[in-house]
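Notes for the one structure printed next.
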Amino acid sequence: MTTRRLLLIAGLAAAWLGALRAAAETPTASGDALLSGDAFAAALLAGINAERAARGLPALGPDPRLTAAARHQAALMANARVMEHEIPGTPAFPARLRSARARVRTAGENILRDNLSRYGLGCGALSADLALRLSGQVAVVSVPRWIGSPKHFDNIMNPRFRRAGAGFAVVTAEPGCGQIYVAQVFGG
Numbered sequence: 002m003t004t005r006r007l008l009l010i011a012g013l014a015a016a017w018l019g020a021l022r023a024a025a026e027t028p029t030a031s032g033d034a035l036l037s038g039d040a041f042a043a044a045l046l047a048g049i050n051a052e053r054a055a056r057g058l059p060a061l062g063p064d065p066r067l068t069a070a071a072r073h074q075a076a077l078m079a080n081a082r083v084m085e086h087e088i089p090g091t092p093a094f095p096a097r098l099r100s101a102r103a104r105v106r107t108a109g110e111n112i113l114r115d116n117l118s119r120y121g122l123g124c125g126a127l128s129a130d131l132a133l134r135l136s137g138q139v140a141v142v143s144v145p146r147w148i149g150s151p152k153h154f155d156n157i158m159n160p161r162f163r164r165a166g167a168g169f170a171v172v173t174a175e176p177g178c179g180q181i182y183v184a185q186v187f188g189g
C-alpha cells in the first residue's frame, strides 16, 4: 500500500472519529420511534468512506435529501416493527426518494435491525440524549455488518454512487420497544 493511500485512510479514520464526536445531533420523534439526527449520518458516512478508500474508491458525499429518505425509511420500519425495503401500505423506494426531493439517476438502500440490548441499554432509557450517545456506536456496529453481507457490500462499493444519507429509529413503545432500525440511502 502506498504512503499516499495510507495517509488518505488515516485522514478518513480521523474524520470518522470526529464525526463520532459530533454534537450536532438533533433527534426527533416519529410515531412511537425516536429518530437519529445529523451526527449519525456523518458518522456512518465516515465509516463507509474509510472502507471505500481502503479499496481505492472515491468518498461518498453527504446528501441531506438522501438522509431525509433514510430517516423516513427507518421510521417506517420502526413504526411497522419490520425490517423490509418495501412495507405494505407505505410508499415504495422511488416514491420515498421523490418525496425527499432527492435527485438521483441511480439509487440503492441498505437496512438493518439492531437492539438497545447490544449497547447495554433497555427501553426505559430512551431519550433524545440517548439517540445522541447511540449515534457513534450504531454507526460503528452497522458498517462491518454491511461489509460482511455481499448485497450490502455491493451497494457500499458501487462506483456509480456519489452521495449517501443515513438514519436510524429506536422503537419507544411496546411491542418491540428498544429495537433499532437503520437505513442508508445511496445516490448517483
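The number in the numbering used here is simply the position in the sequence shown, starting from 1, with 1 added.
Every residue, glycine too, gets a C-beta built ideally from N, C-alpha and C.
> Which residues bound the alpha helix (DSSP H) around Arg-66?
Replying inline: 65 to 81
> Which residue spans inside the region 24 to 61 form an unbroken alpha helix (DSSP H) run of at least 4?
Replying inline: 39 to 55
>> I'd like to know if the region 151 to 170 and the region 62 to 82 are in contact, where contact means that at least 3 CB-CB pairs between them fall below 8 Å.
In response: yes
> Just reading off the alpha helix (DSSP H) that Asn-159 is part of, what are its end residues?
Replying inline: Looking at the DSSP string, Asn-159 is not in any alpha helix (DSSP H), and its letter there is neither H nor E.
>> I'd like to check one pair, Trp-147 with Leu-1: are the Cβ atoms closer than 8 Å?
In response: The shown model of the chain, from 2 to 189, leaves out residue 1, and the question about it has no answer.
> DSSP three-state call for Arg-134: helix, strand or coil?
Replying inline: helix
> Between which two residues does the alpha helix (DSSP H) harbouring Leu-122 extend?
Replying inline: Premise fails: Leu-122 is in no alpha helix (DSSP H) and is neither H nor E.
>> Could you compute how far the alpha carbon of Ala-60 sits from the alpha carbon of Glu-52?
In response: 9 Å
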